[in-house]
Each structure stands twice: as structure tokens, then as C-alpha cells.
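Reading through the C-alpha cells given below for one structure.
Chains as they are written, first to last, in my numbering: chain A, -12 to 465; chain B, 5 to 265.
Here it is in C-alpha cells:
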């Protein structure tokens, strides 16, 4: 793992994010935009829920026979003239990519959008090895200029506004006229296209991610809306695909099923603008295509999730619907999560990849509202998986002592109904008296996290069980 | 003439929040259940175990689940005026005993007869209207667990709209979380506040002078925020209005005897 996580400082990150007016505005747009677009796409496809079942089943089937399909996939890639490099962790994957670049004498590489690349910290590794990486997805290009991580898995620069991007372009594109007009979003797009066109032509190696790997044909598939992936993988001498094990599906038919739920869940589009299939390097007689085709297949802890309670997470197709619908993501944005994957999917995956000791806040910072699970195209029970992390933390005594103490005291009474009734009867009476008829408390010593922001209602006085007994006599069972 | 069939016995699981903070909701729930033709009993109870379950303490959750299952063993139905506790009992209890066939069967049998109050009245008892009156506009917040775990959405609306004089005004995003989340509201108070602030905006923008919901946790959170903002919107559990039992001051409001503000 090359990217240094700030997940242990989630609360401080979140505090900063909530005080950032510009970020909050961007998050407001996301909160209104994405769910509405997904809902509109759903409304046009009554069989969407059945497609979700089918998508879940395809992924479960593949995971249950992962060894079989991996073997078949590798055989097909090699048959088409490509190479597959199995890499246990990020360091090994970075070494593999760098060695390939060195062998090809590469000075610059162009890159399509890849979350695996972010997970590997590939850009830093390449730069350190003297190879210049150039991101070609517009959002990734922008955050590369800023030295930032993506704040969203499908919209890496979704936290930024036009003015910030204009500032970055003026800072970096110093070869262009100072007085040029960049007042419209389309001006920024045109400028980026012009700058990137030269990079595409100059690149020695093109690196892309993969949305799916197809076992029956050895094909990798990427979906994009900008077409940058096609230029990235077609023009240079070699195409390197970065993918993690769980991108595998058995057949092209399976991939088309998953494509039907992917874009609709992500952006509300029926299909992304480009769906690009690559099978091996250029064949004799092909008009274009790379001379070499390599797949760097990253494990990075995923194979050890198979067969555990976290296996469900390996179904994820990275659509981003969970974060688009998450009230916590809407409040704090993606960077607060402190590593590569934000939102509910990140709250489950990140502890698997960097350790729950570092990422423990993430599965705890959830209201368990369940909206993520209700929109997930492959039906990952995200709240349940976050709860599993809380169980692991509890077993390993990772929660703060005060919290554990409070929980233990509460459990002691809750398990002893008679004692509980006595204690709560006295406690509620005392609290009601302390409220002196105001109906609320503006401050409570043990609930600062609550009363710093809102009033705490005062109890009515006598408990329900006490009043019921008075009114109806002791409870009678028939 | 043969005698009427015996009324089903409903064990009212008040929930710990209602038991401790706002017993009037328990009485309103009991009234609605009785009016639907059932007998109500209140077995000794503490908590359904959800705080332990969501806090990662499965052993305590399991112990409390068994305590509840035992206490309510003689009931035909178990009903809670909460989708959150209802979801815990009806959806998660069986999970707690996975791999223990005898207990899992008991938990499943218990879960199968457990309902959230609104869904019990409409889906099980076939109630289509309530007799109480309420003059004025109200807005309704869908609490997450009831909505997504138990499908509580149309039932409370149907009953509210059956009331003479009541006008239901929908707020924007009524089905997004209010930011309560149990311990979350205290552990991540600042994030919880950001979420409930958006909810409070939507409540205020609806123009309704009264906010209703089916879960006291969410109600305390929203009432607490509205109160801190100085808003005079009345906040109550939906059962209080449906039962015509709005004599007690709303959540966070002072006594009628009126101690100083």
C-alpha cells in the first residue's frame, strides 16, 4: 500500500470538510443530481430489480469458481498474444509496471481512469522511477495537477468548481496565452483536450483500468464518457491493463448484463458513451492497436476476503451509487475518508485493504440508514458488512474505553429487568425534575456530542411500564 | 349465537426510548391496537438489543434477544411503535442465531409475528381509517429502518389521510436519513448535525406546523434541532395524532403549567 491514509483522522478531516463552503456547494449539487438521475433511469426500466438479482448472481457464481475462471482467462489472454502478471500487493504491481515501462524505454505514459492505480499509488511510483504519468480522464487530469486523490470513484474532481479548475489550468498551462478566455466550462474542456492530444501522441505506454475481465475471451472492458481510454490504449506501443481479481466474469453475455445496471446506477445513463473491448495486442492486418498487451492482476488482500463475511464486497462494480445516496458522504465528501475508496463501499473495503486499526472510524461513521444497500446494483449488504467490522473491533477491544464502559454499564442493567425498572424509574424522575418543566435540556454532561448541536428532550417523568402497571394492573398473559 | 372468537393478544414492545422518555406514545399505540380488535399486554421489558448489535457486541445482543423472545412467548403478535426496534426483532434476531437450529427456529417464529405499529394496523388488522380528528397540516418523515427493512411508507400516510381535518403535506426528501443513527448522533455529533440541519430545512420549507414520524429516536433528533433553531414546529409520534392523544406537550416543548422558557 503506497498511498498514506489519513483515515485515522476521519473526524478532523470531516470537520474541515464541513467548514468548506465551496465543497459543501459541490456536495449539494451531487446530492440533488445523482439520485434524481438514477431514479429517472429506474423509472424507465421496470425489470431493473430483476437485473440486480441477475447481476448479484453472476458475481456470486464467479467468486465461487474464481480459480477456474482465472485459469480460463489467463489462457485466453495468452492465446490472443497478451500477458497476465499476477501481483500479490501494490508494491509488486508497481514494480511490474515499472519494469515493463523500462523494457519498452518509456518516458511518458498516458493513463485512463483507474481506481486500482490509485490503490497502488502508481503515479508516485512511476515518477520516482523517472517515468512521467499523464492522466487523461478530465477529472483525473485535474486532480493530478492539484496533487489530490479522487474524492469520488466515478467523479474524481466532483469536489471542485469551475473557478478552481481555471486557476489550476492557468497555473500549469503556462505555454498558452495569458489573456485567453476560460470563462465557460467548454473552454476548459477544449483546453484540456488540446493539451492532452499532444500527450496521447507522445506516450510510449498507455495504462487503463478495467471494468470487467471476460474469462471466455480474455477480453478487458472499460467504460468511459470521454473517449480518452480509447486513445490511451490504442496509440502507444503497449497497453497495460490494471485490474483486481474480482473484475472477472465468465462470459461476454454476463458482462452485458452487468453493463445494463452499471451506468444506470452510476450516472443514470442507459450506457456510458464508450464501451471499449480489448483482446490482446494488434494482430497482423489490424489498422491500429498496441504492439503489446499486458494485464497486471492485483490481489492486494482480496483473495483472503473470499470465503469470509466480507466476500459480498467483492461483487462491487464501482458504480458509486452507494456514495451518491449516502447522507454521511453528502456531509463530508470523499477526501474525509482518508484513502482511495470513500462512501459506504469504502467504509467496508478500506479496512480490508489497510487494516481496521487505521480505518476503524469508517464503518462506525454510518447511521445505518440502509439507502446504500437499497440502491446497490449487485445487492451488497453494506450496513451488515460495516457491522461486521464493528464486531471485529469489539472483539479486538479497539473501541475507546469510555465507549466500552458505557456499553457495559448499559448492558448490565438491560439484562436485569427488575433492576432496570428500578434504576430507570429513579433516573427518569430525576431527569424530569431537573428539566423543571422546560421539556428539554440545552446541555447534558454525558451527551455533549448531542447537546453541542441540538436540544435533548426531557423525559415525561414516570416510565411507561410504571404508568401501565398503575393504569392496567400487572401485565397479564393469556 | 356462538361467542365471539377470542381477541388476538398483542405484546406491546414499547421500546426503551418510549418507556423512558415518552410513555404517552406507548398509551397511544395501545389504544390503536385495542381499537383494531386486539387485547394488549405489556410484558416486563428493557431493550431489544439493537445498541449492542450495532455496536459490535453480538453476545449481549444475543442475550437480550433471548430475553425478549422469552418474555413475549405467550403473545400472538409483538408490536413496537418503532421501525428501528421492529426491524431489529423482525429482521435481525434470526441472524443472531444462525447455525443454532433450535434457537434460530424460535427466533424466526418470533420474528414472523413481530410488526412495526403502522404496518400491523394496516397490513395485519386491515385498518383503513381511524376515528380521531386532527385539524391542520402535518408533514411526515420516513424513518430509515421502518422504510427500508419493513416497507413502512404508505401505511401511516393512508391512516393520516383518513383523518377528518388533517392535511398531509410532503416535505422534500422525506425518505432521507435525519442523521440520528443511535450512538452515531453522539459519537459523530458534528456530522449528525450536518445531516439533521438539512432535514430541518426541508421540514420548515414544507410549511406544516407539525412534524410526525414513527420512531422516537429520529423524532428526538429532529425536535432537538428544530428547538435549538427556535422553530415552533410541533413534533410528535404519528401514533399520538392517530390515537387523538395530543394532550401532552410535544417533544422538546415546555409543560403547559409553563415553567420559565
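Glycine included, C-beta positions come from ideal geometry on N, C-alpha and C.
- For residue 152 of chain A and residue 326 of chain A, the gap between their C-alpha atoms comes out near 22 Å.
- With contacts defined as CB atoms closer than 8 Å, residue 209 of chain A and residue 281 of chain A fail to qualify as a contacting pair.
- Judged by DSSP secondary structure, residue 415 of chain A falls within the alpha helix (DSSP H) whose first and last residues are 404 to 422.
- For residue 126 of chain B, no CB of chain A lies under 8 Å from its own CB, so it is not counted at the interface with that chain.
- Within chain B, the C-beta atoms nearer than 8 Å to that of residue 447 of chain A come from 25, 26, 27, 28 and 252, in chain order.
- Contact annotation for residue 224 of chain B against chain A: 444 [CB-CB distance below 7 Å, chain order].
- Residue 204 of chain B is positioned such that its CB atom lies closer than 8 Å to that of residue 226 of chain B.
- The alpha-carbon separation between residue 207 of chain A and residue 26 of chain B amounts to approximately 59 Å.
- Annotated three-state conformation of residue 8 of chain B is coil, per DSSP.
- In the DSSP annotation of this structure, the continuous segment of the alpha helix (DSSP H) that includes residue 156 of chain A starts and ends at 149 to 159.
- Within the same chain, 167, 169, 170 and 245 come within 7 Å of residue 138 of chain B by CB-CB distance, once the 5 residues on both sides are set aside.
- In this structure, DSSP gives residue 124 of chain B a helical state, which the three-state scheme calls helix.
- Ranking A/222, A/289, A/284 and A/231 by CA distance to the CA of residue 273 of chain A puts A/222 first.
- Under the three-pair Cβ rule at 8 Å, the segment 19 to 33 of chain B does not count as touching the segment 59 to 74 of chain B.
- Residue 57 of chain B and residue 127 of chain B have their C-alpha atoms some 28 Å from each other.
- Taking C-beta separations shorter than 8 Å and ignoring five residues to either side along the sequence, the partners of residue 149 of chain A in its chain run 172 and 175, following chain order.
- The DSSP assignment places complete beta strand (DSSP E) segments of no fewer than 3 residues inside the segment 221 to 261 of chain B at 238 to 241, in order along the chain.
- Contact note: residue 426 of chain A reaches chain B through 231, 253, 254, 255, 256, 257, 258, 259 and 263, using a C-beta cutoff of 9 Å and chain order.
- Any Cβ of chain B closer than 8 Å to the Cβ of residue 357 of chain A would place that residue at the interface, and such an atom is present.
- Going by beta carbons, residue 55 of chain B and residue 75 of chain B fall outside the 8 Å limit.
- Comparing C-alpha distances from residue 231 of chain B to each of B/242, B/215, B/156 and B/243 shows the shortest one belongs to B/215.
- In this structure, the alpha-carbon of residue 136 of chain B lies about 30 Å from that of residue 92 of chain B.
- The alpha carbon of residue 297 of chain A has as its nearest neighbour, out of A/214, A/358, A/85 and A/371, the alpha carbon of A/371.
- In the DSSP secondary-structure assignment, residue 428 of chain A is bridged to A/443.
- Here DSSP, grouped into helix, strand and coil, assigns residue 137 of chain A to coil.
- Not a single CB atom of chain A sits nearer than 8 Å to the CB of residue 9 of chain B.
- Flagged as an interface residue toward chain A: residue 199 of chain B, by a C-beta distance shorter than 8 Å.
- Around the CB of residue 329 of chain A, 16 or more other CB atoms lie within 10 Å, so the residue is classed as buried.
- Contact note: residue 195 of chain B reaches chain A through 1, 315, 318, 319 and 352, using a C-beta cutoff of 7 Å and chain order.
- Closest by C-alpha distance to residue 258 of chain B, out of A/456, A/423 and A/183, is A/423.
- Residue 256 of chain A is not a Cβ neighbour of residue 38 of chain A, given a cutoff of 8 Å.
- For residue -8 of chain A, the secondary structure class from DSSP, reduced to helix, strand or coil, is coil.
- Using a CB distance cut-off of 8 Å, residue 378 of chain A counts as an interface residue toward chain B.
- At a beta-carbon threshold of 8 Å, the residues of chain A lying near residue 185 of chain B are 353, 354, 355 and 356, ordered along the chain.
- Here the segment 93 to 112 of chain A makes contact with the segment 188 to 207 of chain A; the two share three or more CB pairs at distances below 8 Å.
- Look at the segment 179 to 221 of chain A and you find these whole runs of beta strand (DSSP E), each 3 residues long or longer: 192 to 195, 199 to 201 and 206 to 211.
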